[in-house]
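Notes follow the structure.
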Amino acid sequence: MNPVLRIDLDAFAANLRHIRGIVAPAEHLLVVKDDAYGHGVEQIVSRAWAEGVRWFGAFDVPTAQRVRATVGEEARIFVWLAATGDDLETAASLDLDVGVGDAAVLDAAARVAAGTGRRLRIHLKIDTGLHRNGIRPEDWDDALARAHAHRGTVEVVGVWSHLAEASDADDDAAAAQFADAVARARAAGFDIRHVHLAASAASFLRPEFRNDLVRVGAFAYGIRPAGGPGESELGIRRVATLAAPVVAVDRDEVRIAIGSLHGLPSVLGGRTDVGTPTGLAALLEIAPLESRVARWREALVGDEVIVYGAGGPSATDLAEAIDTIGEEIAVRVSPLVRREWF
Ligand SMILES: *Cc1c(COP(=O)(O)O)cnc(C)c1O
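Residue 515 in our numbering sits at position 282 of the sequence shown, with consecutive numbering throughout.
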């Protein structure tokens with residue numbers, strides 16, 4: 234008896250339609266990093282394509298390669314951590330849109346593109362305060378000048394950044410810096426067609442930050458923000474349900490076939506409830522291959538316990554119990570756990 238992660242593709246599709254309704258006329262770039270937050274890149278991307286999503290994004294080139302293999306040549310695929318020569322070469326051959334936050338990478342991209350005979354589409358990243366990577370505002374004009382010098386090989390078509398989402402005031406300051414960078418790129422003669430700043434939370438809650446594209450992951454998978462608005466308020470539905478069968482029933486507790494080796498953070502033991510056939514029950518302890526749950530009266534071997542998802546707490550409920558975010562819970566579910574899409 235084994236755990237299973239069930240992925241409700243109709244709920245996912247409903248989230249996509251809801252997101253489109255909210256962010257239009259901005260377009261939705263679906264973020265599929267970390268195997269589509271553990272939901273499976275191929276299945277997620279196929280359904281999203283069928284639902285009309287035309288932009289996809291991940292940090293790494295191998296994920297972009299899976300997207301390209303799944304949806305073909307028309308999809309636009311944005312990668313934001315392609316920095317090595319190999320990555321850039323693959324990016325050129327797959328016709329990816331490449332996020333660049335470093336002037337040296339811009340030079341490398343130009344060299345690679347010259348070698349392959351293809352022009353690379355670049356989205357330049359301005360550092361608006363997160364200091365993760367990104368071109369500092371004081372270096373922006375220099376980066377634009379370099380891009381101009383490379384214009385036969387690299388084509389700057391986008392400007393982007395990422396918000397800290399720590400406070401509205403910080404995000405306002407970041408958005409102002411961002412708008413300034415976009416204006417400077419346009420004034421320098423670049424035809425900037427794709428301006429993107431917002432991820433899930435800002436795309437719903439800060440309409441003025443939507444620009445041309447919003448890079449939304451979490452809300453598409455029905456994962457609400459920790460400490461933020463609820464699913465019904467946001468209008469999103471849970472997509473993944475992590476379930477495990479009961480393998481033993483003792484006097485005061487039952488054992489279920491899922492543990493830390495399947496990706497459950499062991500610190501969750503004693504800090505959350507899980508769903509049972511008769512309601513919620515306390516998750517007592519997480520061992521490597523099994524966990525203990527407080528017994529409910531009619532418990533039987535073979536019953537199903539919902540660790541998170543439909544019929545149990547949400548991924549974000551679990552995350553809040555250990556001070557993290559729902560995405561973290563979702564992406565940790567191990568490949569040992571069988572996936573079922575329906
Ligand atoms: C993860 C990520 C996103 C998506 O964030 P969500 O909050 O999951 O919507 C967008 N942009 C970048 C650069 C990211 O790393």
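C-beta atoms are modelled at their ideal positions from N, C-alpha and C, and glycine is treated no differently.
The structure displayed is predicted, hence computed values, not measured ones.
Query: Using a Cβ-Cβ distance under 8 angstroms, would V265 count as near chain C?; Result: In the structure shown, chain C cannot be found, because there is only a single protein chain.
Query: With DSSP as the reference, label R457 as helix, strand or coil.; Result: coil
Query: Alpha carbon to alpha carbon, how far is A412 from A459?; Result: 28 angstroms
Query: Give me the residue from A297, P521, E306 and F311 with the minimum Cα distance to V447.; Result: F311
Query: Shorter than 7 angstroms, the distance from the beta carbon of A554 to the closest heavy atom of ligand 1, or not?; Result: no
Query: If you compare alpha carbons, which of E275, G318 and Y454 is closest to A302?; Result: E275
Query: Ignore the nearest five residues each way along the sequence and tell me which others in R253's own chain have a CB closer than 7 angstroms to its CB.; Result: H261
Query: Given 7 angstroms as the limit, tell me if W313 has its C-beta closer than that to any heavy atom belonging to ligand 1.; Result: yes
Query: Could you name each continuous beta strand (DSSP E) segment of 3 residues or more that falls completely within the region 534 to 572, going from the start of the chain to the end?; Result: 537 to 541
Query: Closer than 7 angstroms to a non-hydrogen atom of ligand 1 - does that hold for the CB of G450?; Result: yes
Query: State the DSSP-derived secondary structure class of W313, mapped to helix, strand or coil.; Result: coil
Query: Suppose contacts are defined by Cβ-Cβ distances below 8 angstroms. Is L363 in contact with V345 by that definition?; Result: no
Query: If you compare alpha carbons, which of R379, R471, E464 and A283 is closest to A244?; Result: R471
Query: Is A490 closer than 8 angstroms to A473 when the C-beta atoms are compared?; Result: no
Query: Can you give the Cα-Cα distance for P498 and I562, rounded to whole angstroms?; Result: 8 angstroms
Query: Under 8 angstroms by Cβ, that's how I've got R287 and A246 pegged, so tell me the actual separation to the nearest angstrom.; Result: That pair is no contact at about 15 angstroms.
Query: Closer than 7 angstroms to a non-hydrogen atom of ligand 1 - does that hold for the CB of E560?; Result: yes
Query: Do L395 and ligand 1 come close, with the Cβ less than 7 angstroms from some heavy atom?; Result: Per the sequence presented here, residue 395 reads as His, with Leu not at that position. Answer for H395: yes, Cβ within range of ligand 1.
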